[in-house]
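From first to last, the protein sequence lines are chains A and B.
Everything in the first sequence is counted per our numbering, starting at 1 for the first residue and increasing by one.
Everything in the second sequence is counted per our numbering, starting at 633 for the first residue and increasing by one.
Number of protein chains: 2
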Amino acid sequence: MQTHTQEGAVNVRLVQLEVLPGRPEANTRRMLDAVAQARADGVALVAFPELAVPGYLLGDMWDRPAFLRACEACGERLREASQGIIVVFGNVAVDWNKRGEDGRVRRYNALFFAENGRFCVSAVTRLPFVSKTLLPNYRCFDDARHFFDTRRLALEHGTTPDRMIEPMQTSLGLIGGLLCEDAWDTDYAFSPAKILAHKGSRFLINASCSPFTGDKNHKRNRVFNQLACDTGLPLLYVNTVGVQDIGKTVYMFDGASCVYDGHGHAVQAGPPFEEAVATVVLPANGAAFGEPVAPRRDSTAALAQALECGVRGLMRRLGIRRVVVGISGGIDSALTAALYSRIVAPEDLLLLNLPGPFSSQTTRGLARRLAEALGGRYAEVPITAAVELTRGQIDHLPLIGPGGTPAGTLTLGPLDLENIQARDRGGRVLAAAAAAFGGVFTCNANKAEITVGYGTLYGDICGWLAALGDLWKEQVYAVARHLNAEGFKRPVIPEGIFTVTPSAELSAAQAVDEGKGDPLIYPYHDKLFRAWVERWERATPEDILEWYAAGELEGRIGYEGKVAALFPDARTFVADLERWWNLYQGLGVAKRIQAPPVLAVSRRAFGFDHREAQLGPWLSDRYQDLRALVTA
Amino acid sequence: MQTHTQEGAVNVRLVQLEVLPGRPEANTRRMLDAVAQARADGVALVAFPELAVPGYLLGDMWDRPAFLRACEACGERLREASQGIIVVFGNVAVDWNKRGEDGRVRRYNALFFAENGRFCVSAVTRLPFVSKTLLPNYRCFDDARHFFDTRRLALEHGTTPDRMIEPMQTSLGLIGGLLCEDAWDTDYAFSPAKILAHKGSRFLINASCSPFTGDKNHKRNRVFNQLACDTGLPLLYVNTVGVQDIGKTVYMFDGASCVYDGHGHAVQAGPPFEEAVATVVLPANGAAFGEPVAPRRDSTAALAQALECGVRGLMRRLGIRRVVVGISGGIDSALTAALYSRIVAPEDLLLLNLPGPFSSQTTRGLARRLAEALGGRYAEVPITAAVELTRGQIDHLPLIGPGGTPAGTLTLGPLDLENIQARDRGGRVLAAAAAAFGGVFTCNANKAEITVGYGTLYGDICGWLAALGDLWKEQVYAVARHLNAEGFKRPVIPEGIFTVTPSAELSAAQAVDEGKGDPLIYPYHDKLFRAWVERWERATPEDILEWYAAGELEGRIGYEGKVAALFPDARTFVADLERWWNLYQGLGVAKRIQAPPVLAVSRRAFGFDHREAQLGPWLSDRYQDLRALVTA
């Protein structure tokens, strides 16, 4: 296809690539294909995302010279392929003669401009690439750990960074190159985009590797549109799709590439979560184009799509085909099973109900009905005999002291017996069944449970992935409703699962048929925990109690009910607050250290985005004064 | 005690404090006591470590305003206590009116100088503290994530950092303040210490929070002595003791505070791993003092001391008093048990032998003899019945398909049965026994096993802490020998445990009495894995194969034997290389994500010091070419 454009207009192409992390050769093969196609299509410039060659979230992969050499060799192939076309791509750049501040060979998060077989070279830095200037060091991002940058480079040259930032000279004129955070400049001392505009750029390219976060595109549209308008330049935003992880925390990349015209309009250049190639005509003389930018908030549908993308992508990457889900008849395991049923073939999905001494006929029936509706394979494996065997072996076990003397016996308490049941389900049955089935088993925990460690390590807190681990309980219900209504268009998750009391069913105190269940109060605890975990300046009991005392708590944490309706007085309020805070900061941390990875969808997911030490629960002196006052 | 000194000489005191991470009020109480004592002793200046008020390794604790307020209030109390004495201490400094680059309130890793109830104020920055200039972003350190710094400050002021760095004016004259990394300046564009010297400092103080790492003090003595000599100034190094962690990775701080005289001599100002208060007289006119600096390498004794300090400190912090160790009759569990026996009372240590279908009389006897020698409580809990129960429930389990139709059965393979045994020991028996005993249970894995995931998740890879998780197998043997010889001064670990073939005893193929055991070849695999994990520029199979082809492998990885004696030809060498590499980068990563924390003693420990994503094993194109050549 030869595209015809008006005089002076420029055809540019954004390639919203699925980048395979840590697979430079594979990514490059696909990029070379896209370059060849772009050239055949008569496109003047083709742009790929940030770190499209190596991938972005690679942990400490950057300290392996063999990997850096491979990435460099891939970059050379892309350079060679740039005959008659401008190829803009993200890659790691290596300066083998210099050291980074970690004492290792120096690496840059770099944007390369190749044309006619040569890399464009910066007139100031003399480097054949644009170096990322603003390195994010929050959430999961560790850029300062891995990469040298324009600011440190300026320091080394005894100058200021604005002098080191300049557009690249190409046959299309000066083009300003930005890498992701470079355009999120509101919290930095200067704006690389504005410097590039000031230095005569014809348009700006922002190559990104920016993960999906609920409502982030809303903010991005606002910030990037403003930047385009402020500079008066078209801004091309090209982002990755796919899945990248940093161990404990798995991120989905939604692409959503977009071209902003500098006049308050934009052209969508890629659908969310899918690979796409979009060619956009930049009109001559900087005329307006596209539709007015109208930011929209993300819906539950986007959340569901992100989760599906994450599970599918990570399974494919790790070569996982078969999955076992333990289904209890509750909502978390039901949504987990429903999610997997959309990804794996029915014969590759095994749903297991594991009734124990306290499982009700209600939940067992709901589990069976769910399995029927989802159409996977199904079996029941009771745990009672094994639990009794463990009880028999451990309770009253005689211990031997020095010289063979008797030294007391062990005694199992009620809570110990609850955990034994949970571990029997997870660490014994599900793990063995998954191995026999030739697959993995899932962790069905939600974010509220993970926050306070409401779950048993090696029991329900185990499995290959906690797909719902970044969803509050109310989001679990909302996504489940959405899947029934829009995903399946029939109630595959039985209504009874929405209405049954959430319960671990590990003791008589948790009998669902008597309306008894878990001690968590939804959605109040969702909102309370969210204030502890997700607020940008995280709240502690000191803040919570201050808001409570001022009668502002509901508004501050976004709880639509009345706190006074839950707790008759300040004493019970404080007891509840401390109970869960102590768990969040105490055993909760220990459990998260050994918990499965989560799919991150919020702006603060557990794992690498919520770094924590085993500090134990801390309550400030000021909190203690406040408590004395409030509960007096 | 009033100390008398020659005219012009200055008495300075270094307080090698055990800093409790995340407990500002508790730390400050102890610091106030030390200030009062120093004043009573007639000392002119008292110096505390970096971040002595809040602690250093706190994860993301810094994003809680309530915590920052508490630290600030503590700083005020120290300021008020500085009547008639100079108090130098590390604390977080907060600028509530400015933002950091993460959009949160701005925080500095700061060194405060208080005197006569006032903070010394920098003449240039106008800030009442010295800000850390060089922020480490390697190993476990995330300084750029948490703190603003002098370099970014300079940028904001439109100037260069050297202008922002200056000594503090005190009644003793100008004193140059440095925070830890500021003096480890060899990989940075400039040296804060030299700038401070150039600007007329009388002496330098380096307040640190620097964790123990085998042989690091050797390097520190070299670097710091050189810096003191280069500047011609005394350099006071005051470091923390105690234990701080970042979830997966637990660090021990050894103090080892020291004063360098600027003439190649030094005075030790604190023994390793213990709190200490040392008063040093800085002579008038910069005269020499102390002993010649003679760096020594760390011994196995230091390693053993670090491990003991780590286990003891973390147990105390988390309130753990009782411990269960599963002892197999092998060296890893024997050393673990021996280590705990030095920390907990005999009645608080429970040693369990868990014989299974393949356990030999040899190892069972060794376990019993170990328990006798250590004097803890002891019991045997066989796992065979439970393993049979699981096999009976899962093997041949009939599955149900849609509409209740039969849909095949499950089948357990031989490896599945090995893992069932391991999980039965860990997730079933040890977890239940620890709960009944009122304590925790240990993970006994060593670093070689953790590298390649040679162990079963929820089985032998579980427990509260892997105390030996940063020790290669040969280090495990060495520390065990050391404890027998020096720690206990008798063979509490029976000689048979040193000589028995290392074996998991999970199948007939691992029968120790026939000399069969684990597939790992020690110490060759120790050395190979170390090259993958600990080299500063990490090696990959590409590097290994290159060295092998060049006949250099033994020298490169420090293996004292001959590789040719282990592998008859290149094919078997390559098969072994890829087998373990694939495990290290494949299942090994998945297991480490859910593995217990480790005590870090090397310069690269698993967890936060070895960040990784589930990328799967990558072999470069160049490796594949090389392999074709070598195995042709």
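Every residue, glycine too, gets a C-beta built ideally from N, C-alpha and C.
Here the structure is a predicted model, which means the values were calculated and not measured.
{"Item": "Would you decide whether A:Pro211 is buried or exposed? Buried here means 16 or more other CB atoms lie within 10 Å of its CB.", "Value": "buried"}
{"Item": "Secondary structure at B:Glu1174, three-state DSSP: helix, strand or coil?", "Value": "helix"}
{"Item": "Taking a Cβ distance cut-off of 8 Å, strictly less, list which residues of the segment 593 to 605 of chain A are near chain B, in chain order.", "Value": "Ile593, Gln594, Ala595, Pro596 and Pro597"}
{"Item": "Residues of chain B with CB closer than 9 Å to the CB of A:Gly616, please, in chain order.", "Value": "Gly654, Arg655, Arg949, Leu950 and Gly951"}
{"Item": "Looking at chain A, is there any beta carbon in it that lies within less than 7 Å of the beta carbon of B:Glu733?", "Value": "yes"}
{"Item": "If the criterion is Cβ atoms closer than 7 Å, does the pair A:Leu457 and A:Gln594 meet it?", "Value": "yes"}
{"Item": "Specify the secondary structure class of B:Thr881 as computed by DSSP and reduced to three states.", "Value": "strand"}
{"Item": "To the nearest angstrom, how far is the alpha carbon of A:Arg13 from that of A:Arg297?", "Value": "27 Å"}
{"Item": "Do you know offhand how far A:Leu343's Cα is from A:Glu495's?", "Value": "Position check: residue 343 of chain A holds Ile in this sequence, whereas Leu was assumed. Approximately 23 Å between the Cα atoms of the pair."}
{"Item": "Going by DSSP in three states, B:Arg738 sits in which element: helix, strand or coil?", "Value": "strand"}
{"Item": "Whole angstroms is fine: what's the gap from A:Gln16's alpha carbon to A:Phe48's?", "Value": "7 Å"}
{"Item": "Please report whether the beta-carbon of B:Leu1062 lies at a distance below 7 Å from any beta-carbon of chain A.", "Value": "no"}
{"Item": "In the DSSP assignment, find the unbroken beta strand (DSSP E) run with B:Phe721 in it and report its ends.", "Value": "Ile718 to Arg731"}
{"Item": "Examine chain A for any beta-carbon lying closer than 7 Å to the beta-carbon of B:Phe1069, and answer yes or no.", "Value": "yes"}
{"Item": "Taking the alpha carbon of A:Ala66 as the point to measure from, which residue in B:Val1262, B:Arg1259, B:Ala1264 and B:Asp1253 has its own alpha carbon closest?", "Value": "B:Asp1253"}
{"Item": "Are A:Asp261 and A:Pro295 close, meaning C-beta to C-beta below 7 Å?", "Value": "no"}
{"Item": "Report all residues from its chain with a CB closer than 8 Å to the CB of B:Glu1106; omit the five preceding and five following residues, and keep chain order.", "Value": "Tyr1154, Pro1155 and Asp1158"}
{"Item": "Tell me whether B:Ile1125 sits in a helix, a strand or coil according to DSSP, three-state version.", "Value": "coil"}
{"Item": "So that I know if they touch, is there some Cβ in chain A lying closer than 7 Å to that of B:Asn729?", "Value": "no"}
{"Item": "What does A:Cys180 touch in chain B if you count any residue whose Cβ is under 8 Å from its own?", "Value": "Chain B residues near A:Cys180: none, gap ~14 Å exceeds 8 Å."}
{"Item": "Is A:Leu134 helix, strand or coil by DSSP?", "Value": "coil"}
{"Item": "The alpha helix (DSSP H) that contains B:Phe835, what's its start and end?", "Value": "Note, B:Phe835: premise wrong, no alpha helix (DSSP H); beta strand (DSSP E) at Phe835 to Ser840."}
{"Item": "Of the choices B:Asp692, B:Ala1068 and B:Leu1029, whose alpha-carbon is the least far from that of A:Pro398?", "Value": "B:Ala1068"}
{"Item": "Taking Cβ positions only, does A:Thr362 come closer than 7 Å to chain B?", "Value": "no"}
{"Item": "Scan the segment 1034 to 1047 of chain B for residues whose Cβ lies nearer than 7 Å to a Cβ of chain A and list them as they occur along the chain.", "Value": "Pro1034, Ala1039, Leu1042, Thr1043 and Leu1044"}
{"Item": "List the residues that DSSP assigns as beta-bridge partners of A:Arg377.", "Value": "A:Leu350"}
{"Item": "Thinking C-alpha only, which one of A:His610, A:Ala431 and A:Thr631 is nearest A:Thr249?", "Value": "A:His610"}
{"Item": "Give the range of the beta strand (DSSP E) segment to which A:Asn239 is assigned.", "Value": "Leu235 to Asn239"}
{"Item": "Report the three-state DSSP secondary structure of B:Met633 (helix, strand or coil).", "Value": "Bear in mind that a pLDDT of 36 at B:Met633, under 50, signals an unreliable position, so the number given afterwards is only what the model happens to contain. In this structure, B:Met633 counts as coil in the three-state DSSP scheme."}
{"Item": "Let me check understanding here. Comparing Cα to Cα, which of B:Val1019, B:Asn1078 and B:Thr1083 lies closest to B:Arg1055?", "Value": "B:Val1019"}
{"Item": "Does DSSP classify B:Asp774 as helix, strand or coil?", "Value": "coil"}
{"Item": "In angstroms with no decimal places, state the Cα-to-Cα distance between B:Gly749 and B:Asn729.", "Value": "24 Å"}
{"Item": "Just to confirm, is the Cβ distance from B:Gly654 to A:Leu615 under 7 Å?", "Value": "yes"}
{"Item": "Taking only the alpha-carbon atoms, compute the straight-line gap between B:Ala597 and A:Glu537 and give it to the nearest angstrom.", "Value": "Lying before the first or after the last residue shown, residue 597 of chain B is absent from chain B, which here runs from 633 to 1264."}
{"Item": "Please report the straight-line C-alpha distance between A:Ala575 and A:Ile544, rounded to a whole angstrom.", "Value": "13 Å"}
{"Item": "With DSSP collapsed to three states, give me the class of A:Glu388.", "Value": "helix"}
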